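Below is one structure; the comments refer to it alone.
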Amino acid sequence: MPTQFPEACLVARCSLFREVHVRNQLTARFLNSPAARSILSTPEVDSEASQLLRSAFGPEFLTRPLFLERQETEQIRSALNVIADVLFSLPERMCDGDLRRFAGLVGIREDQADLLGEGIQEPPVRYGRADLYFDGDRFRTLEFNLGSPVGGLQVASISRALYGSNEHMRDFVQSEALELEDPLPALAAMLRAFAADHGRDPVVAVMDGPASYAATEPHLAGIARGLRGQGIEAFACSTADVRDTGTSLRAAGRHFSLVYRFFTLNEMTDSVAASEHAAQLLGAFRTYGVPVFTPLSGVLFSNKTVLAMLHSKRLLGSLSAAESEAVREVLPWTHVLADEEVEVRGAQENLLEYARQHRDSLVIKPSDGLGGQGVVLGNQVSSPEWEAALREGVVHEHVLQERIAPPVEQFVAPEPGAATSWVPLWGAFLIGREYAGTMVRAARASESGVIALSRGAQVGCVYRQTGHCGNADYAA
């Protein structure tokens with residue numbers, strides 16, 4: 121079960137709810153404001169953008185936005201930059217810069233490394249999304265999809281669809297000096313620079329593999345629409361749509377000069393036929409000089425095995441004080457699952473035996489899993505089920521991670537004076553060295569476990585505080 125907020129957190133006594141625990145002063149003021157009381161009466165917006173959002177994220181959204189105060193945003197930005205710096209330094213620190221050897225360490229097979237070929241040497245891009253839990257004190261980074269394709273870029277569209285016509289919401293945003301950070305302008309700028317580095321003007325094919333495209337097409341179409349709004353020609357397609365005309369590549373009949381990659385290395389190599397097609401596809405991209413964003417070399421830095429490396433005794437000794445603090449305070453303890461002796465909190469332990477004894481405080485995750493697939497929370501399964509998951513995880517590369525139990529957040533409920541408790545998972549974007557917005561997925565506290573859209577999670581947006589404003593009329 122989720123934890124309650126610690127005593128240091130606020131108790132808001134407001135006109136909307138009877139009495140609720142809230143995460144910060146900004147949230148307390150919102151719950152006391154006319155904006156909170158007006159949200160349930162906000163009219164539905166029936167537009168092409170809204171239909172795309174519903175197709176991508178489901179028919180229902182969270183009943184209010186979430187809020188970050190200035191110091192929280194800065195803590196997220198600073199911590200993610202330190203972690204990104206350390207992650208990108210790992211090949212040099214762990215393998216003397218030998219990327220092929222590093223690929224083996226993070227679980228990339230020989231045939232997959234062969235497919236990457238020279239592409240494994242491409243510099244990764246500083247672009248990604250970290251999934252965070254607030255633990256009652258600070259944000260903790262559960263996963264960091266760095267240098268890899270990410271979803272949830274439509275946060276500004278979600279805000280416009282839900283609150284664009286709400287005058288009370290606009291007044292609250294203005295009075296509190298809030299901003300909803302839209303990641304799309306920063307992404308568009310990065311794509312233009314990436315294309316220019318390859319001597320291209322960006323015409324972007326937002327591309328997934330054929331096995332995934334039926335499910336991801338609404339997401340890809342939404343991203344393409346957002347990029348068009350930033351002045352970049354873009355469209356969604358599948359790798360199966362790509363054709364070589366003899367003079368250029370086209371997808372779904374359209375010219376493109378840059379690929380925004382959603383297809384994964386695992387999908388491209390899950391069969392002999394898939395690997396052969398992938399080799400032809402990547403060869404065609406190289407022949408016609410079509411760059412892939414994010415480069416496939418990003419797989420070296422985006423799986424969970426890489427995060428486990430940050431807790432290795434070998435690496436910890438080489439970290440600076442700031443790096444060591446970020447790893448210790450921001451990253452939950454993580455280790456590749458294996459039947460071996462390891463150091464856990466200063467003591468030598470057999471990892472499997474430790475996992476058996478501390479089941480309720482641990483979680484097992486596939487190293488390269490997506491969307492919460494294959495995740496097992498120790499506090500939600502029986503001892504035999506946990507044992508089976510441990511054995512499976514040793515055979516097929518998984519990691520063991522400290523389980524973070526986040527406090528609940530209170531949301532608006534239709535019944536007068538009622539609140540519903542949800543557990544949010546914060547997806548914070550890092551583009552370049554800057555914080556670039558957050559998409560929230562949340563599950564009802566009574567149903568929380570693995571928070572994923574495929575398991576009924578709902579999506580919302582996050583406003584960040586840009587100044588020191590605070591409307592005393594809405595004080596808790």
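Numbering (the working numbering), first residue to last: 121 to 596.
C-beta atoms are modelled at their ideal positions from N, C-alpha and C, and glycine is treated no differently.
As the structure is a prediction and not an experimental result, all values here were calculated from the model.
Residues near residue i in its chain [Cβ-Cβ closer than 6 angstroms; skip 5 each side]
{"i": "Cys215", "result": "Arg221, Phe222"}
{"i": "Thr123", "result": "Confidence is the limiting factor: at Thr123 the pLDDT is only 38, short of 50, which leaves the residue's position unreliable, though a coordinate-based value still follows. Ala525, Pro527, listed in sequence order."}
{"i": "Ser481", "result": "Arg523"}
{"i": "Phe314", "result": "Phe413"}
{"i": "Ala325", "result": "Cys357, Ala371, Phe376, Val379"}
{"i": "Ala176", "result": "Pro338, His339, Gly342"}
{"i": "Thr384", "result": "none"}
{"i": "Phe254", "result": "Pro526"}
Supposed contact pair residue j and residue i - C-beta distance, whole angstroms, cut 8 angstroms
{"i": "Leu236", "j": "Leu416", "result": "6 angstroms"}
{"i": "Leu173", "j": "Ile278", "result": "6 angstroms"}
{"i": "Trp506", "j": "Gly498", "result": "6 angstroms"}
{"i": "Arg370", "j": "Gly492", "result": "Not a contact, Cβ separation roughly 35 angstroms."}
{"i": "Glu529", "j": "Trp542", "result": "6 angstroms"}
{"i": "Val462", "j": "Leu471", "result": "5 angstroms"}
{"i": "Tyr408", "j": "Ser368", "result": "6 angstroms"}
{"i": "Leu347", "j": "Val226", "result": "Their Cβ separation, rounded to whole angstroms, is 30 angstroms, which puts Leu347 and Val226 out of contact at 8 angstroms."}
{"i": "Leu457", "j": "Leu510", "result": "7 angstroms"}
{"i": "Met327", "j": "Arg406", "result": "With a Cβ gap of about 16 angstroms, Met327 and Arg406 do not count as contacting."}
{"i": "Pro211", "j": "Val582", "result": "Not quite, the Cβ-Cβ distance comes to about 33 angstroms (not below 8 angstroms), so this is no contact."}
{"i": "Tyr203", "j": "Thr183", "result": "It should be noted that the sequence gives Ile, not Tyr, for residue 203. Incorrect: roughly 32 angstroms between the Cβ atoms, too far for contact."}
{"i": "His318", "j": "Pro411", "result": "4 angstroms"}
C-beta contact flag for residue i and residue j at 8 angstroms
{"i": "Asp361", "j": "Ala372", "result": "yes"}
{"i": "Val579", "j": "Val560", "result": "yes"}
{"i": "Glu442", "j": "Val519", "result": "Per the sequence shown, residue 442 should be read as Ala rather than Glu. Their beta carbons are not under 8 angstroms apart, which means Ala442 does not touch Val519 by this criterion."}
{"i": "Ala562", "j": "Pro544", "result": "yes"}
{"i": "Gly329", "j": "Ser295", "result": "no"}
{"i": "Ser198", "j": "Phe292", "result": "no"}
{"i": "Val275", "j": "Pro243", "result": "no"}
{"i": "Leu307", "j": "Pro322", "result": "no"}
{"i": "Leu188", "j": "Arg553", "result": "no"}
{"i": "Leu550", "j": "Leu252", "result": "no"}
{"i": "Ala148", "j": "Met289", "result": "no"}
{"i": "Glu517", "j": "Thr389", "result": "no"}
{"i": "Arg280", "j": "Ser438", "result": "no"}
{"i": "Ala404", "j": "Asp364", "result": "yes"}
Residue span of the alpha helix (DSSP H) that contains residue i, given as start and end
{"i": "His397", "result": "392 to 407"}
{"i": "Tyr495", "result": "Here residue 495 turns out to be Val, not Tyr, going by the sequence shown. No alpha helix (DSSP H) holds Val495; DSSP gives it neither H nor E."}
{"i": "Ala467", "result": "No alpha helix (DSSP H) holds Ala467; the beta strand (DSSP E) holding it covers 467 to 470."}
{"i": "Arg220", "result": "219 to 225"}
{"i": "Asn386", "result": "385 to 388"}
{"i": "Asp361", "result": "Counting along the chain, Asp361 falls outside any alpha helix (DSSP H), and DSSP gives it neither H nor E."}
{"i": "Gly346", "result": "330 to 349"}
{"i": "Ala313", "result": "303 to 317"}
{"i": "Asp251", "result": "From DSSP, Asp251 is part of no alpha helix (DSSP H) but of the beta strand (DSSP E) over 247 to 254."}
{"i": "Leu378", "result": "Where Leu378 is concerned, there is no enclosing alpha helix (DSSP H), although the beta strand (DSSP E) it sits in stretches over 378 to 381."}
{"i": "Ala155", "result": "154 to 158"}
{"i": "Gln145", "result": "145 to 151"}
{"i": "Gly513", "result": "503 to 515"}
{"i": "Asp321", "result": "That residue, Asp321, is in no alpha helix (DSSP H); it is neither H nor E in DSSP."}
Cβ-based neighbour list, residue i, same chain, cut-off 8 angstroms, excluding 5 preceding and 5 following
{"i": "His431", "result": "Val447, Leu451, Trp453, Thr454, His455"}
{"i": "Val495", "result": "Val483, Ile484, Lys485, Pro486, Gly489, Val570"}
{"i": "Arg258", "result": "Gln195, Glu449, Val450"}
{"i": "Thr586", "result": "Arg190, Ala297, Leu298, Glu299"}
{"i": "Asp459", "result": "Asn470, Leu471, Leu472, Val514"}
Cβ shell of residue i (< 7 angstroms), same chain only, five flanking positions each side left out
{"i": "Val464", "result": "Tyr474"}
{"i": "Ile240", "result": "Leu219, Arg220, Ala223, Ala233, Ser417"}
{"i": "Glu337", "result": "Ala356"}
{"i": "Arg374", "result": "Phe355"}
{"i": "Gln350", "result": "Leu304, Pro305, Ala308"}
{"i": "Leu146", "result": "Phe187, Glu189, Glu296, Gln585"}
{"i": "Ala556", "result": "Glu301, Pro303, Ala306, Phe549, Leu550"}
Boundaries (first-last residue) of the beta strand (DSSP E) holding residue i
{"i": "His455", "result": "454 to 456"}
{"i": "His627", "result": "The requested residue 627 does not occur in the structure, where the chain is confined to residues 121 to 596."}
{"i": "Ala577", "result": "Ala577 -> no beta strand (DSSP E), and no H or E assigned at all."}
{"i": "Glu529", "result": "529 to 532"}
{"i": "Gly557", "result": "554 to 564"}
{"i": "Asp291", "result": "Premise fails: Asp291 lies in the alpha helix (DSSP H), 287 to 295, not in any beta strand (DSSP E)."}
{"i": "Ile484", "result": "482 to 486"}
{"i": "Glu463", "result": "461 to 464"}
{"i": "Asn265", "result": "259 to 266"}
{"i": "Arg190", "result": "Here Arg190 belongs to no beta strand (DSSP E); instead the alpha helix (DSSP H) covers 190 to 215."}
{"i": "Arg101", "result": "There is no way to answer for residue 101, as the model of the chain reaches only from 121 to 596."}
* **Sufficient close CB pairs (3 or more, under 8 angstroms) joining the segment 248 to 257 to the segment 389 to 397** => Verdict: no, contact absent.
* **the segment 394 to 408 / the segment 275 to 289 touching (three or more Cβ pairs under 8 angstroms)** => no
* Is the segment 259 to 270 touching the segment 200 to 207 in the sense that three or more CB pairs, one from each, lie closer than 8 angstroms? -> yes
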